[in-house]
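One line per chain: the protein sequences are A and B, in this order.
Here the first sequence stands for residues 2 to 656, where the numbers follow this note's numbering.
Here the second sequence stands for residues 650 to 1186, where the numbers follow this note's numbering.
Remarks on the structure that follows.
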Amino acid sequence: MGRGRLWLLAAAAVVVAAAGNAGFATAYGSGGSDLRSARPAAVTGVADAVAVDPSTTLVATLGDQVALVRDGRVVARQALDATVGGVAASADGSTYYAGTSLGTVYTLDGSLHPTVALRVPDAVAGLRVASDGAVVVAHGSGAFGQNSTVDVYPAGAATASAVARVGASVNGLDAAGGTAVYGTLAAQVGELTLDGGGKQAWQVTLPQPVTSVAAVPSRGWVLAGDSSGRLNLLDDHGSVSGSVAVGPYPLTTVAYDPAHDEILTGDQHGTLRILDDSGRVLVTSQLANSPLRAIVATRRGDYLAVPQSGVWSTVDTGAARAAYRAQRLRPWWIAFDAVLVVGLLVLLGLTGRRRAGLARTGRRVWRNRLAYLMVAPTVLVVAGLTFYPAVTAFYYSFTNFSLSAVTEWVGLSNYRTIFTGDTYFWVGVKNMAIVTGFSLLKTVTVPLLAAELVFWLRNAIHQYVFRTLFVLSAVVPTLVITLLWKQVFDPYGLINSLLSAVGLDSWRHAWLGDEATALWSVIGAGFPYLTAFPFLIFLGGLLTINREIYESAAIDGAGRFRRFVHVDLAHLRPQLRIVGFLGLVGTVENFASIFILTNGGPGDATEVPALEMYTRIGSGDLGYASAIGVILFAVIVAATMFILRFRRSAMEVDA
Amino acid sequence: MTSDVRLDSLGPAQGRAPSRREFLTRVVAGALAVPALGGVLAACTDNGGGFDKSSSGGGSTGAGKKFTGQLVISTVINPPKAAQQALTDAYKKVQPGVELVWETQDFSGSDAYTQFLTTQLAAKSPRPDFVSGVYAKTYSGYVDLDQYRQTTDPYTKQPWGQDINFDLGGSRNALGQLYQASTAVSHYNWIYNQDMFGKAGVQPPTTWDEFVDVCAKLKAAGITPVAANFQWIVPQWLTEIYFDQYHVDWVQTVRAQKGDWNYDPTLDGKFAYDPNDGNIHAKYTYSPQRFWKGIKDQTLRFDTPEMAELVANLAKVFPKYATSDFFVMADPYPSLLKSQAAMILADPQVTMKTLASDFKSNSASPFTPATFEGPAMQSSLVKCKPRAIEPKGGDYVSIIKKDSQQTAMAVDFAMFWLSKAGYQPYLNGEIQAGLAVGTSDISGLTFPAAIEQQNKSITFVGNAEVVYNQAWTAGADPTSKADLQGMLKDVLQGKLAPQAYATGLQKYFQDNFDKLIAKLSLTEDDIANPSRRPSAA
C-alpha cells in the first residue's frame, strides 16, 4: 500500500468516525430528553395514593393520616383512628374514602373531615370506589389473612351486597368499568362483576404472590404485578395471556395509560418502567430509593409517580417511545465505536516486527494445531473451574450478595467496611502476620536441618531409613494431627499431665482457653514441624549440588557452618523460594487448624481473616466474604512479587 | 528511508497489496460484523422483551389436587433408607405423579451442612425443595409455614396446625417468620455425676444461689463443677433462660397489637398475660417491629438493675467453676463422660443413652448419672419461674419458595410427611433401622411401648428460646454477635462491672440501631409503623 493510499484510508476513517458519532449523537439526543420532572414530596411516608381529579391526589400515610394534595401542595390533612389501610375517591371526585386497620371505613369531605360510613370486622387492606359509586373493601386479619374477603357495598349502603372469600391477604385492589379485581399474597387474582352486585367472576392462581393489580376494561385486560418482578397479563375471563420479567423487585404499583397504550409499573426499589402494549420495556427510570406506592393520572395527561419517601415525579408517557428508540441506538453506537477502536488497534498492532512476530506465532500455532486442540479441553476446564470462580468472586466483592436480598452493586462498600469498620479483620491481620512469620520459620528451619542431617549421613542405609521416617509423617492427614494437638493442649491433656508428673502442677494451664497463650499454642501445634514436602525439596536441592564444590570448600578450609552458609544455603535459594512461597500461601489461606483448635477464640485471640471469611460464608454474607477473599488474594500476590524480587536480586548476586 | 520502511510495513502480509477479492471480502466481513456485534450488545442490554405466552400462570392449587413433578429433599439428617423408602412408597400411593428425590447425606458436622446449604441457596434457582433452614436463617426464600397452619391437610382432613405442633417445634427468624418445622422436641436439663455430688456432699440445687454453693463445694472437693461452652450453652441457652426470668414482661411490648398486619384475633385476641404460664410464648404473635420499636424508643432497656443482676449471677459460676477451656470448648460431653466435670446442660434422653453405651464399651469409668431442672434465679427483680431450653429435634424441614405450582406441591408433600399420614410409615422405617426416636411434635403417632414410656416421662415446662430473648447475645449478624459476646465475656471475666456492662449494652444497641435493623432487612419506616407489613416480609 502506498503512502498516498494510506493517508486516504486514514482520512476516510476519520470522516467515517466523525460523521458516524455525530449522527448517533443527534439521533440519541433527539429521543433522550428527560421524560420525567421531579417535584418536592408533598407528603413523606406514603402508603397509598389515588387520583381525585386531574389536579388532586388523596394520599394515605404509613401512619394514621390522610392528606389531600392539590398541585403539589397539601390542602388538607386528617388523622384517623388507626393506620390507614386504603384510600379511594368516587369517579366524579366528590367523595373520598379511607379505611383503617381497625376496620372503619370513613367518608371524608373536602376538608377531610371523617364520618363513619362502614365497619368491617377486621383490618382494611384495600379500598376502591366503582364508577357506579359502589365501595369495594378488602379486609382480613393475621399475617396471611386467611379470613380475607372482598366486599362490595352499593353506593350509600351499609350492608355488603356481595362478599367474596379470597382466603389470603389482599395486596392489590382496583375497580374500573363495572369490575373490581384483586390480587393476593397467595398468588391469586380474581375479578368481581359489580354490575351483578359483586359476584365473583373468576379467580386464578399465578406463579408468585401478587403485589399489585390494575383493571383495564377498555382492553379487556387485568394486569397483575408479582413479588418476583413479573407483570402478568390476564384477559377478562381470567386466562393468563402472558407475563414478562420487568425487574428483580416486587412490582408495587401498576397503571395503564390509554392515550398511548402504555403500561406503567413501579417497584419496591423505586424504579419506574414504561412498557408498550406488547410488554416490551420502553423506559426504565430510577425515581426514588423507596418503593413506588402509586402512579396516578394528572391534569395534563401525564402521570404522577408517588414513592413512599423522596421526590414525586411527573412522567410524560408520550415521550417514552422516542426515548426507547434512542435507547435502541445505544448498542449500535457502542458497536460502531468499538469496531473503529479495534480496527485502529489492529492497524497499529500490525506494524513492522510486531506484524511479523504475530504472523510467525500464528503459523506456529497452525502447524501445531493438533497439540493445541488436545490441550484446549484442559485449558477450558481450568479456566471454567479455577479462573471463572475467582473472577466471579472479584465481581461479587463489589456487591451485597447475600441470602436475604436482591444482589446489587455496592461499589467499594464492602472494602470500606473491612478497612474502616471491621475491628475483627484488623485483629485477624495482626494474628495472621504473627502466625505467618512463625509458620515460615517452622516450614524452613526444621525441614532444612533434617535435610542437611540426612544428606551428610555417610551410611546409605541410615540415609534411606531416616529419609523414609521423615517422609512417613506425610501420610498422616493434617486434620488428624490438629485433633491430636487439641488433645495435647486439653486441660487434661499431655502437656498438663507431664507438668503434673514432674511436680509442676502450678504450671498447668488452659493453653487454648487463655487469651495470653492461645495464639502461641496454635503456633506451637505441630512440633517438631518436620513436614515432608519441604524436607524432600531441600534434600533434592542438596543432592543437585556438585560434589566438587564441597571438595573445593574443604581445601579452602571451610568448616561445617561456613559450608552450610556459603555452599548449601547459596545453592538452595530456589528451593527456599518455593518452600517460602507455598508456606506463605498455605498459612494465609489456611484456617482449618485454627477453626478446629479454637474457632478463633477465646474472644478474638486467634481470629484470622480467612476464618472470618469462612464465618461470613456460613452466615450467607457472600459479598463481604468475597471482598475478604480478594484482599487475601492481593496479600498473596504482593508477597509473591516480593519473593520474585528476592529471586532477581539473588540471581544478580550470583551473576 | 526509515519512515518509508515503516510505512511499507503498514501494508498487508509480505508487503503485497490486497487483491480486489481480498479487499471486498474484508469489507463484507466488516459489514457483517458490525450488525452482529450490535445485535449482541442489543440483546445484552435489552430487558423485558414482551409478554411471554409460554409462562402463563401456575394453575389452581388446593386440597386434593393431583400433582406431577419432582421434589428434592436435602435436609441435614440423612434418614435410614428404610424410612426414606417407606415415606416414598406411602406418598406414591396418594400422589403417583410426584417423584421424591432424596439428596441427603451424612455430613461431618453442622458446619459442613451450613456450607452445603449456603452454596445451594446462593444459586438463583436452588435445586432442593426441602432443606433444614436453621443452618441458613437469613435466607429470605423460605415458605412461611404460618400461611398453612389453618389450611386443611388433605390427608388428615384437619388443619395442618393440629397435625404438627408448630408452637413447640417451629423455628422463627428475626422477622418472626415460621421458616422451619421440626418433628420432635426435647427438654434439656442438668445432667450430673451423682458419685461426684456424693463425694462433695451436695444435693442437686433448685435455686441459683444453691447452684453457686454446690459449685463452690464441688471445687473445694477438687472436682471441676461444670462443663459448658461459650458457643451456645452460656451465651444462648442460659442467657435465654435467665433473660426470660427477668424480662418476661417484655411480651407486652413485643406482641402484635390489634390492627397490626400480623395480629391474629384467634390467638392474640385471647392473650392474657400470665408470667408463670410456661407456654406464654406460644400464645401471642411476635412482632419484630414492636420489639425494635421498643428498643428505639427505649421502652425496652438493657441498662437496668435486672440486667446487671442477671449477668452478676452468671458471673458467679462462669467461668469460675467451669472447665478451664470454657471459652474455647466445643463439646462438654467428654468432660462429663471422663469424670472431668460434675455436670453439663444437655438433652437427658440422648445423653443418658450415650453414657450407658459408652460405659458399656469401656470408653470411660462408669458413674451414676442423674438430672435436675434448671435452678431458678431468685430476687425481687425476677418476674417468673424459669422456663427451659426445649429445642427442636428430629427432622428439620424448611420449604424453599419456588413458583406457586412447585410450592403448592412441596406444601402438599410437607402436609403428608409432617402429619400422621406420612410420618407414621417414616417413623416405622426409622425404628426398623434401629434409630432412637424421642418425643414427636406430630399428633396421633403410634410408638413402641418402650419409647412411649420414655416420652411420657418428659415434663415440659415451657420454652425460653424465643427471638427477643436471644437479641442481646446473638445480635443481627456475625459482627454484632461477636461484639455482644465479647462484652458478655468481659463481664463474666470480671473485666467489666455488671452495671457498666448493662450500660454498655444499652449504648451498643442505641449506637448501632440503624446497622442492626438493616441487617435484619428492616427499615426505619417498618419500625415506625408496626401495623404495616415490613417491606422485606
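Built from N, CA and C at the ideal position, the CB exists for glycine as well.
None of these values were measured; they are calculated from a predicted model.
Excluding the five sequence neighbours on either side, which residues of its own chain have a C-beta within less than 8 angstroms of the C-beta of B/Gly-1094, listed in chain order?
-> Sequence index remark: in the second sequence, residue 1094 of chain B carries index 445 (1-based). Before going further, note that residue 1094 of chain B is Leu rather than Gly in the sequence given. If we look at B/Leu-1094 and ignore the five residues flanking it on each side, its Cβ neighbours are Lys-1069, Tyr-1072, Gln-1073 and Leu-1076.
Excluding the five sequence neighbours on either side, which residues of its own chain have a C-beta within less than 7 angstroms of the C-beta of B/Gln-901, listed in chain order?
-> Stepping through the second sequence from its first residue, residue 901 of chain B is reached at position 252. Closer than 7 angstroms at the Cβ level, and outside the excluded window around B/Gln-901, lie Tyr-922.
Can you name, in chain order, every residue of its own chain whose Cβ lies under 7 angstroms from the Cβ of B/Gln-799, other than the five neighbours on each side?
-> Within the second sequence, numbered from 1, the residue matching residue 799 of chain B stands at position 150. Taken in chain order, the residues that qualify are Pro-808 and Gly-810.
Where DSSP assigns a beta bridge to A/His-572, which residues make up the other side?
-> Taking the first residue of the first sequence as position 1, residue 572 of chain A is located at position 571. Its beta-bridge partners do not exist; DSSP assigns none.
Exposed or buried, B/Arg-1181, counting other C-beta atoms within 10 Å across all chains shown (16 or more means buried)?
-> Residue numbering aside, residue 1181 of chain B sits at position 532 when the second sequence is read from its first letter. Result: buried.
Start and end of the alpha helix (DSSP H) containing B/Lys-942?
-> Residue 942 of chain B sits at position 293 when you count from the first residue of the second sequence. Counting along the chain, the alpha helix (DSSP H) containing B/Lys-942 begins and ends at 937-945.
Determine whether the Cβ of A/Ile-618 lies closer than 9 angstroms to any Cβ atom of chain B.
-> The residue given as residue 618 of chain A occupies position 617 in the first sequence. Closer than 9 angstroms: yes.
Using DSSP with H/G/I as helix, E/B as strand and the rest coil, what is A/Lys-200?
-> Numbered from 1 along the first sequence, position 199 holds the residue referred to as residue 200 of chain A. Strand at A/Lys-200.
Alpha carbon to alpha carbon, how far is A/Phe-467 from A/Val-455?
-> In the first sequence, the residue the question calls residue 467 of chain A occupies position 466. In the first sequence, the residue the question calls residue 455 of chain A occupies position 454. Going by the C-alpha atoms only, they are around 7 angstroms apart.
Looking only at C-alpha atoms, which of B/Ile-929, B/Leu-1067 and B/Ile-1049 sits nearest to B/Leu-736?
-> Residue mapping note: residue 736 of chain B aligns to position 87 of the second sequence, counting from 1. Among B/Ile-929, B/Leu-1067 and B/Ile-1049, the Cα nearest to that of B/Leu-736 is on B/Leu-1067.
Buried or exposed: where does A/Phe-643 fall if 16 or more other Cβ atoms within 10 Å of its Cβ makes it buried?
-> Position 642 of the first sequence holds residue 643 of chain A. Exposed is the call here.
Residue(s) in a DSSP beta bridge with B/Trp-839 | As a position in the second sequence, residue 839 of chain B is number 190, starting the count at 1. Paired residue(s): B/Leu-994 and B/Phe-1021.
Report the rounded CA-to-CA distance for A/Val-44 versus A/Asp-54, giving the unit in angstroms.
-> By 1-based counting over the first sequence, the position of residue 44 of chain A is 43. By 1-based counting over the first sequence, the position of residue 54 of chain A is 53. Using only the alpha carbons, I get a separation of about 18 angstroms.
Return helix, strand or coil for A/Arg-563, following the three-state DSSP convention.
-> Along the first sequence, one-based indexing puts residue 563 of chain A at 562. Three-state result, A/Arg-563: helix.
Which term fits A/His-140, buried or exposed, when burial requires 16 or more other beta carbons within 10 angstroms of its beta carbon?
-> Mapped onto the first sequence, residue 140 of chain A falls at position 139. Counting Cβ neighbours within 10 Å, A/His-140 comes out buried, since at least 16 surround it.
Which value, in whole angstroms, describes the spacing of the CA atoms of A/Ala-176 and A/Ser-244?
-> Working through the first sequence from its first residue, we reach residue 176 of chain A at position 175. Working through the first sequence from its first residue, we reach residue 244 of chain A at position 243. Taking the straight line joining both Cα atoms gives about 22 angstroms.
Measuring CB to CB, does B/Val-747 end up less than 9 angstroms from B/Met-1058?
-> Taking the second sequence and counting its residues from 1, the one referred to as residue 747 of chain B is at position 98. Taking the second sequence and counting its residues from 1, the one referred to as residue 1058 of chain B is at position 409. Yes, they are a contact pair.
Helix, strand or coil: which one does DSSP assign to A/Val-340?
-> On the first sequence, residue 340 of chain A is found 339 positions in, with the first residue counted as 1. It is helical.
Could you please tell me which residues of the segment 1157-1180 of chain B, in chain order, have their CB closer than 8 angstroms to any CB of chain A?
-> Ser-1170, Asp-1174, Ala-1177, Asn-1178 and Ser-1180
Check the DSSP bridge columns for A/Ile-264 and list the partner residues they point to.
-> As a working mapping, residue 264 of chain A is identified with position 263 in the first sequence. A/Tyr-257 and A/Leu-276, per the DSSP bridge assignment.
Between the C-alpha atoms of A/Leu-513 and B/Val-875, what's the straight-line distance to the nearest angstrom?
-> For the purposes of this step, residue 513 of chain A is identified with residue 512 of the first sequence, where counting begins at 1. For the purposes of this step, residue 875 of chain B is identified with residue 226 of the second sequence, where counting begins at 1. Answer to the nearest angstrom: the Cα atoms are 18 angstroms apart.
Apply the 10 Å Cβ neighbour rule to B/Ser-1170 and answer buried if 16 or more other Cβ atoms are within range, or exposed otherwise.
-> For the purposes of this step, residue 1170 of chain B is taken as the residue at position 521 of the second sequence. Buried, by the Cβ-count rule.
When Cβ atoms are compared, which residues of the segment 755-787 of chain B fall closer than 8 angstroms to chain A?
-> Asp-760, Thr-763, Gln-764, Thr-767, Leu-770, Ala-771, Ala-785 and Thr-787
Report the three-state DSSP secondary structure of B/Ala-971 (helix, strand or coil).
-> Here residue 971 of chain B refers to the residue found at position 322 of the second sequence. Strand at B/Ala-971.
Proximity below 9 angstroms, CB of B/Leu-986 to CB of B/Ser-1012 | Translated into positions along the second sequence, residue 986 of chain B becomes position 337. Translated into positions along the second sequence, residue 1012 of chain B becomes position 363. Yes; because the gap between Cβ atoms is below 9 angstroms, this pair is in contact.
Neighbouring residues, chain B, relative to A/Phe-145 (Cβ below 8 angstroms) = Residue mapping note: residue 145 of chain A aligns to position 144 of the first sequence, counting from 1. What A/Phe-145 touches in chain B: Asp-793, Asp-795 and Gln-796.
C-beta atoms of A/Thr-58 and A/Val-70 nearer than 9 angstroms = Here the question's residue 58 of chain A lines up with position 57 in the first sequence. Here the question's residue 70 of chain A lines up with position 69 in the first sequence. Against a cut-off of 9 angstroms, the Cβ pair of A/Val-70 and A/Thr-58 comes out as a contact.
Those runs of the alpha helix (DSSP H) which lie wholly inside the segment 755-783 of chain B and span at least 4 residues | 759-771
Can you name, in chain order, every residue of its own chain whose Cβ lies under 6 angstroms from the Cβ of B/Asn-696, other than the five neighbours on each side?
-> Here the question's residue 696 of chain B lines up with position 47 in the second sequence. Confidence at B/Asn-696 is low in this model, with a pLDDT of 49, below 50, so its placement is unreliable and the value that follows should be read with caution. Hits under 6 angstroms: none found.
What in chain A is Cβ-close to B/Gln-1054, meaning under 9 angstroms?
-> In the second sequence, the residue the question calls residue 1054 of chain B occupies position 405. Under the 9 angstroms cutoff, chain A gives Thr-206 and Pro-208.
Kindly indicate the opening and closing residues of the beta strand (DSSP E) around A/Asn-172.
-> Taking the first sequence and counting its residues from 1, the one referred to as residue 172 of chain A is at position 171. Its beta strand (DSSP E) spans residues 171-177.
Within 10 angstroms of the Cβ of B/Lys-1144, are there 16 or more other Cβ atoms? Answer buried if so, exposed if not.
-> For the purposes of this step, residue 1144 of chain B is taken as the residue at position 495 of the second sequence. The residue is exposed, with fewer than 16 neighbouring Cβ atoms inside 10 Å.
Using a Cβ-Cβ cut-off of 9 angstroms, state whether B/Asp-1007 counts as contacting chain C.
-> Structure shown: chain C not included; protein chains present are A and B.
Take B/Ser-936 and list the residues in its own chain whose beta-carbon comes closer than 8 angstroms to its own, dropping the five residues that flank it on each side.
-> By 1-based counting over the second sequence, the position of residue 936 of chain B is 287. For B/Ser-936, where only same-chain residues beyond five positions count, the Cβ hits under 8 angstroms are Gly-825, Val-903, Arg-904, Ala-905, Gln-906, Asp-909, Asn-911 and Pro-1179.
Taking Cβ-Cβ distances shorter than 8 angstroms, what residues in chain A pair up with B/Thr-1128?
-> Position 479 of the second sequence, counted from the start, is the residue given in the question as residue 1128 of chain B. Within 8 angstroms Cβ-Cβ: Asp-423 and Tyr-425.
Taking A/Leu-234 as the query, report the chain B residues whose CB atoms sit under 7 angstroms from its CB, ordered along the chain.
-> On the first sequence, position 233 is the one that residue 234 of chain A refers to. Chain B residues near A/Leu-234: Phe-700.
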